[in-house]
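Q: In the UniProt record's numbering, the protein residues as written are 1 to 492.
By construction, the Cβ of each residue, glycine as well, lies at the ideal position given by its N, Cα and C atoms.
Nothing here was measured: the structure is a model prediction, and the numbers come from that model.
Just dropping this structure here.
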């Protein structure tokens, strides 16, 4: 870490010689780490033609005649550590280095990048290899290398998407997000980002958007990265299409305008594109309007899977709807030139191998229709849907007309008897259910239910308030049939 280098130099300045064991104990590091630290420090000290030396008998020392220049380098390092946030681990070095390259208009040399991050040239060369590997995930992005250095090039939209996605995925939490944004843009801009991030959930909720947490953060970064790149002179490519006003986007822009950001139509259109592609939380009972193009793709995909793997996914309407929404948003992401990183990738590949093979069937359809495929990160998200609905619990509501304690007792007995095949969503009064007939598979009641317009798929089973053995068997029999049509009057 950067602070460790300062401590190591200070220790050597204060002693004529220190053994490896003394330095390892003082810095609480291994011998291998110590050797690496000395090597990296020497690359920094070389700027002043000085260095750390090792003796034949072991240990390290500074030459007396060089200590004054070493002290100058140390003072510079300390000043920089107080005024600037710098990467302290290999992961941070990758994140800071990668994001720095995204904001350079002209090629930047390895030496200049190393100085900017205050790391060794050797460390920066290793980071460059990692950056080159990461760029390969984004079609259209390239690292141009010349005698003047390197820079990342590609369509402006893809550059923005990639930068926002990398920051979203590699920050792992608020502290590192603050560090990288402050490093790139300064503390005042970080305050603007945090204000936007905190305001977004209420604005999204106001206009009916339920995004997952990572999508909210991702959308905030999409917007913030766009503002920052525009300030640095990077403009979006001209779009011949007219901007369709999105009330939610307009509300976000009003918030940003109060902070003196100018948001032209081109930028508003880009924000709308980003929002369309974000993954959502589904609302029970809500009807989702999915373009026919995406429902047809989902239908064809599930029919192929059912035929090849002897499953029955296509007949599960909830899966069909949710997967249609997800696939539509996934296609939007791929068309925009990016993907959503899957943090559970390795575990999904290891434990859900069958579902991953199923999900890969989607790529044949995408290739034929769009001439692109989804990468392994996106495929694994689809695999998780298939796994989730491979063993689908039926949803139930218990009506409690004579007291919630009876309903609690029913829920306990039903769960004990039927296990994971049933998921009791609610305990409700009949009056509540009349006002809001929750779309579930099963309604369980101890008294006759009347005056209710049941959702089409909902069945009702009448039971004794204390649940007799035959009642539990009737419920279990229904669960085993998983939706076989019952006549409501026969379920008593």
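Would you kindly work out how many angstroms separate the C-alpha atoms of residue 484 and residue 337, rounded to a whole number?
A: For the purposes of this step, residue 484 is identified with residue 484 of the chain shown, where counting begins at 1. For the purposes of this step, residue 337 is identified with residue 337 of the chain shown, where counting begins at 1. Here the model assigns residue 484 a pLDDT of 37, short of 50, so the residue's position is not dependable, and the following value carries that caveat. Cα to Cα, the separation comes out at about 44 Å.
Q: Is there contact here, the segment 311 to 319 with the segment 259 to 275, by at least three beta-carbon pairs under 8 Å?
A: no
Q: What residue ranges within the segment 332 to 391 form continuous alpha helix (DSSP H) runs of no fewer than 4 residues, ordered along the chain?
A: 345 to 351, 353 to 370 and 376 to 388
Q: Quick one: is residue 467 near chain D, going by C-beta distance under 7 Å?
A: Here chain D cannot be found, since the structure has a single protein chain.
Q: With distances taken from CA atoms, which of 34, 55, 62 and 58 is nearest residue 45?
A: Working through the chain shown from its first residue, we reach residue 45 at position 45. The option with the nearest alpha carbon to residue 45 is 62.
Q: Where does residue 426 sit, in a helix, a strand or coil, going by DSSP?
A: For the purposes of this step, residue 426 is identified with residue 426 of the chain shown, where counting begins at 1. Correct three-state label for residue 426: strand.
Q: Between residue 348 and residue 383, is the Cβ-Cβ spacing less than 7 Å?
A: Counted from its first residue, the chain shown places residue 348 at position 348. Counted from its first residue, the chain shown places residue 383 at position 383. Their beta carbons are under 7 Å apart, which means residue 348 touches residue 383 by this criterion.
Q: Report the rounded CA-to-CA distance for residue 324 versus residue 117, giving the unit in angstroms.
A: Within the chain shown, the letter at position 324 stands for residue 324. Within the chain shown, the letter at position 117 stands for residue 117. So the two alpha carbons sit approximately 44 Å from each other.
Q: Out of 66, 214, 206 and 267, which has the shortest C-alpha to C-alpha gap to residue 223?
A: Indexing the chain shown from 1 puts residue 223 at position 223. Among 66, 214, 206 and 267, the Cα nearest to that of residue 223 is on 267.
Q: Tell me which residue opens and which closes the alpha helix (DSSP H) that residue 113 is part of.
A: One-based indexing of the chain shown puts residue 113 at position 113. 110 to 117 is the extent of the alpha helix (DSSP H) around residue 113.
Q: When DSSP builds the beta bridges, which residues end up paired with residue 443?
A: Position 443 of the chain shown, counted from the first residue, corresponds to residue 443. In the DSSP output, where bridge partners are listed per residue, residue 443 has 397 and 460.
Q: Going by DSSP, which residues form a beta bridge with residue 151?
A: Counting from 1 along the chain shown, the entry for residue 151 is found at position 151. Answer by DSSP bridge pairing, in chain order: 144.
Q: Does the Cβ-Cβ distance between residue 379 and residue 301 come in under 7 Å?
A: Here residue 379 is taken as the residue at index 379 of the chain shown, counted from 1. Here residue 301 is taken as the residue at index 301 of the chain shown, counted from 1. Not closer than 7 Å, so no.
Q: Go ahead and pull the three-state DSSP assignment for residue 302.
A: Numbered from its first residue, the chain shown carries residue 302 at position 302. Residue 302 falls in the helix class under three-state DSSP.
Q: So, are the CB atoms of residue 420 and residue 393 less than 7 Å apart?
A: Position 420 of the chain shown, counting from 1, holds the residue named residue 420. Position 393 of the chain shown, counting from 1, holds the residue named residue 393. Yes, they are a contact pair.
Q: Assuming residue 101 and residue 151 are in contact, meaning their beta carbons sit under 8 Å apart, how far apart are those beta carbons, in whole angstroms?
A: For the purposes of this step, residue 101 is taken as the residue at position 101 of the chain shown. For the purposes of this step, residue 151 is taken as the residue at position 151 of the chain shown. Yes, residue 101 and residue 151 are in contact; Cβ-Cβ is about 6 Å, under 8 Å.
Q: Can you give the Cα-Cα distance for residue 403 and residue 477, rounded to whole angstroms?
A: Here residue 403 refers to the residue found at position 403 of the chain shown. Here residue 477 refers to the residue found at position 477 of the chain shown. One alpha carbon belongs to residue 403, the other to residue 477, and they sit about 27 Å apart.
Q: Who pairs with residue 18 in a beta bridge, going by DSSP?
A: Residue mapping note: residue 18 aligns to position 18 of the chain shown, counting from 1. Note: residue 18 sits in a beta bridge opposite 60.
Q: Between residue 456 and residue 441, how many whole angstroms is the CB-CB distance? I'm expecting something under 8 Å.
A: Against the chain shown, residue 456 aligns to sequence position 456. Against the chain shown, residue 441 aligns to sequence position 441. Between residue 441 and residue 456 the Cβ distance is about 11 Å, and since that is not below 8 Å, they are no contact.
Q: Can you tell which of 414, 131, 451 and 433 has the C-alpha that lies nearest to the C-alpha of residue 463?
A: Taking the chain shown and counting its residues from 1, the one referred to as residue 463 is at position 463. Nearest option by C-alpha distance: 414.
Q: Where does residue 211 sit, in a helix, a strand or coil, going by DSSP?
A: Within the chain shown, the letter at position 211 stands for residue 211. DSSP places residue 211 in strand when its eight states are reduced to three.
Q: Taking the alpha helix (DSSP H) that residue 128 belongs to, which residues open and close that run?
A: Taking the chain shown and counting its residues from 1, one reaches residue 128 at position 128. Where residue 128 is concerned, the enclosing alpha helix (DSSP H) stretches over 121 to 135.
Q: Could you tell me the alpha carbon to alpha carbon distance between residue 339 and residue 328, rounded to whole angstroms?
A: Residue numbering aside, residue 339 sits at position 339 when the chain shown is read from its first letter. Residue numbering aside, residue 328 sits at position 328 when the chain shown is read from its first letter. In a straight line, the C-alpha of residue 339 is about 13 Å away from that of residue 328.
Q: Can you tell me the Cα-Cα spacing of residue 196 and residue 113, whole angstroms?
A: Along the chain shown, read from residue 1 onward, the residue named residue 196 stands at position 196. Along the chain shown, read from residue 1 onward, the residue named residue 113 stands at position 113. The straight-line gap from Cα to Cα measures roughly 30 Å.
Q: In the DSSP assignment, find the unbroken alpha helix (DSSP H) run with residue 91 in it and report its ends.
A: Position 91 of the chain shown, counting from 1, holds the residue named residue 91. Its alpha helix (DSSP H) spans residues 90 to 102.
Q: Decide if residue 217 is buried, meaning its Cβ has at least 16 other Cβ atoms within 10 Å, or exposed.
A: On the chain shown, position 217 is the one that residue 217 refers to. Residue 217 should be labelled buried.
Q: Measuring straight from C-alpha to C-alpha, what distance separates residue 144 and residue 128?
A: For the purposes of this step, residue 144 is taken as the residue at position 144 of the chain shown. For the purposes of this step, residue 128 is taken as the residue at position 128 of the chain shown. Whole-angstrom Cα-Cα distance: 12 Å.
Q: Give the DSSP-derived three-state secondary structure of residue 203 in the structure shown.
A: As a first step, residue 203 is located in the chain shown; it is residue number 203 there, counting from the start. Reduced to three states, the DSSP call for residue 203 is helix.
Q: If I follow the unbroken alpha helix (DSSP H) through residue 158, where does it start and stop?
A: Stepping through the chain shown from its first residue, residue 158 is reached at position 158. Counting along the chain, the alpha helix (DSSP H) containing residue 158 begins and ends at 156 to 170.
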